[in-house]
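One structure below.
Numbering (my numbering), first residue to last: 102 to 586.
This is the structure in structure tokens:
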């Protein structure tokens with residue numbers, strides 16, 4: 102090897118290398134040249150512009166957040182501090198049927214369309230325009246984008262409280278095709294929300310006909326995650342079969358006291374379905390959910406915290422029951438008074454959370470909302486919680502397996518070429534962390550707190566976070582789908 106070939110931009114020395122495959126870790130060095138990993142192992146002959154002491158630390162591929170609503174934040178808060186501070190280098194946006202494109206006209210007056218915050222300036226009529234905006238004004242992290250079925254409905258239909266007709270389905274199918282050609286990774290749905298509750302299975306199947314030709318996938322927030330969770334899973338399986346597309350079940354859970362323990366049934370059903378088709382799940386490591394403030398969820402939860410309220414901004418962070426008591430009204434009446442709003446619901450069983458996280462097909466997704474004044478703690482802490490609490494402290498799985506769920510597994514699932522693994526030639530998306538100190542610090546009472554134990558994060562070979570401070574660098578890329586690639 103020549104002296105010139107042994108020069109690097111960055112060399113991390115003496116780290117515990119966890120490569121993202123789930124296999125055993127190894128001690129060694131790693132060199133970065135430009136945007137890629139150049140070499141790994143014993144690199145004593147290498148010199149670098151920046152040398153980093155990795156002794157006592159883990160060096161892993163940057164984490165992939167499999168389920169986010171960061172569509173707007175990528176442009177309005179491009180430093181992406183809640184994500185890079187816990188080692189996330191790639192986010193998947195456009196989930197739960199909601200994407201910021203393609204939407205012609207104003208969004209409907211429905212609570213779910215407030216997921217990206219207030220105002221109408223963050224919507225794009227053309228999906229290609231959104232992709233171009235991300236490329237022209239990059240964020241600190243990479244982004245992969247889905248097309249939201251509810252957004253397609255809002256752009257195409259005058260009334261959302263009915264099934265789409267043949268003309269509207271054809272228009273949505275054509276719009277989805279254009280988005281996939283522009284770089285979208287797939288279609289997302291949420292038939293639990295008002296915008297798409299009236300959509301029958303056949304509507305999704307007809308729109309999704311174009312997925313197979315573009316090698317795209319189908320990601321769904323199930324129609325029901327509570328009493329009818331089995332029927333909702335069966336619907337998702339059927340849609341995947343009909344569309345000849347891989348299925349991603351979003352933030353899998355069994356919600357409501359009466360459904361505690363039912364993850365045994367759901368995981369068994371998913372395992373059976375995998376004998377015939379490609380189906381995976383993502384989950385967040387908490388026993389509380391968060392979405393729009395809705396009566397259906399209030400009465401399935403033991404406690405509800407208001408995350409934000411357009412009508413009563415001061416209610417953010419307050420317990421809904423306390424507000425109802427102050428106002429001398431019912432929970433439903435208090436909910437109506439707060440609208441539009443979102444909330445945190447304590448509605449899941451810890452045993453179910455652990456069982457779902459333990460499934461080898463489960464990826465990690467934060468599902469946090471960056472615009473919420475009082476967000477769910479998963480926004481700032483999901484990945485550190487998996488590593489610190491569930492892997493190290495609880496022993497739910499090994500650290501190597503925890504890293505695989507956040508790196509190699511989603512990279513393979515989403516088709517991210519040369520990402521999600523430590524190997525020469527792969528993009529240098531990296532996180533260096535202390536395995537003894539890594540831990541989520543965000544809580545339900547004080548959710549806006551960076552995690553502990555992350556020393557350094559690099560995206561495409563450039564350091565974006567080091568020693569608790571964002572560098573201001575924004576080297577993120579748009580990771581486009583198979584058709585655009």
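Using N, Cα and C, we set each Cβ at its ideal position, and we do this for glycine too.
Use the C-beta contact count for residue i: other C-beta atoms within 10 angstroms, 16 or more gives buried, fewer gives exposed.
| i | result |
| --- | --- |
| residue 148 | exposed |
| residue 520 | buried |
| residue 239 | buried |
| residue 103 | Note that residue 103 scores a pLDDT of 45, beneath 50, so its modelled location is shaky and nothing firm can be said. |
| residue 586 | Any reading at residue 586 is ruled out, since the residue's pLDDT is 47, under 50, leaving its predicted position unreliable. |
| residue 297 | buried |
| residue 570 | exposed |
| residue 393 | buried |
| residue 589 | An answer regarding residue 589 cannot be provided, because it is not within the stretch 102 to 586 covered by the chain. |
| residue 573 | exposed |
| residue 113 | buried |
Can you tell me which of the options puts its alpha carbon nearest to the alpha carbon of residue i?
| i | options | result |
| --- | --- | --- |
| residue 498 | 463, 355 and 129 | 463 |
| residue 199 | 215, 185, 238 and 188 | 215 |
| residue 568 | 153, 168 and 261 | 153 |
| residue 582 | 495, 444 and 246 | 246 |
| residue 283 | 252, 306, 315 and 523 | 315 |
| residue 357 | 374, 334, 335 and 329 | 329 |
| residue 142 | 150, 132 and 151 | 132 |
| residue 324 | 311, 353 and 346 | 353 |
| residue 418 | 243, 473 and 559 | 473 |
| residue 514 | 383, 277 and 183 | 383 |
| residue 273 | 249, 404, 503 and 294 | 249 |
| residue 184 | 366, 543 and 426 | 543 |
| residue 466 | 134, 188, 193 and 156 | 193 |
| residue 549 | 477, 500 and 575 | 477 |
| residue 577 | 189, 369, 110 and 365 | 189 |
| residue 136 | 110, 118, 150 and 355 | 110 |
| residue 562 | 241, 538 and 122 | 241 |
Quick one: what's residue i bridged to in DSSP?
| i | result |
| --- | --- |
| residue 344 | Residue 344 pairs with nothing; no bridge assigned. |
| residue 446 | 390 and 405 |
| residue 116 | 129 |
| residue 534 | 159 and 555 |
| residue 463 | 382 |
| residue 244 | 192 and 579 |
| residue 436 | DSSP lists no partner for residue 436. |
| residue 570 | 567 |
| residue 621 | Absent from the model: residue 621. The displayed extent of the chain is 102 to 586, so no value can be given. |
| residue 111 | 133 and 151 |
| residue 528 | 137 |
| residue 410 | 442 |
| residue 560 | 563 |
| residue 540 | 553 |
| residue 249 | 289 |
| residue 420 | 406 |
Hey, residue i and residue j are a contact pair by Cβ (cut 8 Å); roughly how many whole angstroms apart?
| i | j | result |
| --- | --- | --- |
| residue 165 | residue 512 | 6 Å |
| residue 228 | residue 208 | In fact, because the Cβ distance is near 16 Å, the residues do not count as touching under 8 Å. |
| residue 446 | residue 408 | Between residue 408 and residue 446 the Cβ distance is about 10 Å, and since that is not below 8 Å, they are no contact. |
| residue 351 | residue 168 | 6 Å |
| residue 486 | residue 414 | No, residue 486 and residue 414 are not in contact; Cβ-Cβ is about 28 Å, not under 8 Å. |
| residue 559 | residue 527 | Not a contact, Cβ separation roughly 12 Å. |
| residue 320 | residue 343 | Actually they are not in contact, since the Cβ atoms of residue 320 and residue 343 sit about 15 Å apart, beyond 8 Å. |
| residue 303 | residue 292 | 12 Å between Cβ atoms; not a contact. |
Would you say residue i lies against chain D (beta-carbon separation less than 7 Å)?
| i | result |
| --- | --- |
| residue 450 | Looking for chain D here will not work: only one protein chain is present. |
Quiz item: Which full runs of the alpha helix (DSSP H) of 4+ residues lie inside the region 122 to 205, going along the chain?
Solution: 174 to 177 and 182 to 185, all fully within the region 122 to 205.
Self-check item: Any alpha helix (DSSP H) of 4 or more consecutive residues that is wholly inside the region 288 to 345
Solution: Within the region 288 to 345, complete alpha helix (DSSP H) segments of at least 4 residues are found at 302 to 308 and 330 to 344, given in chain order.
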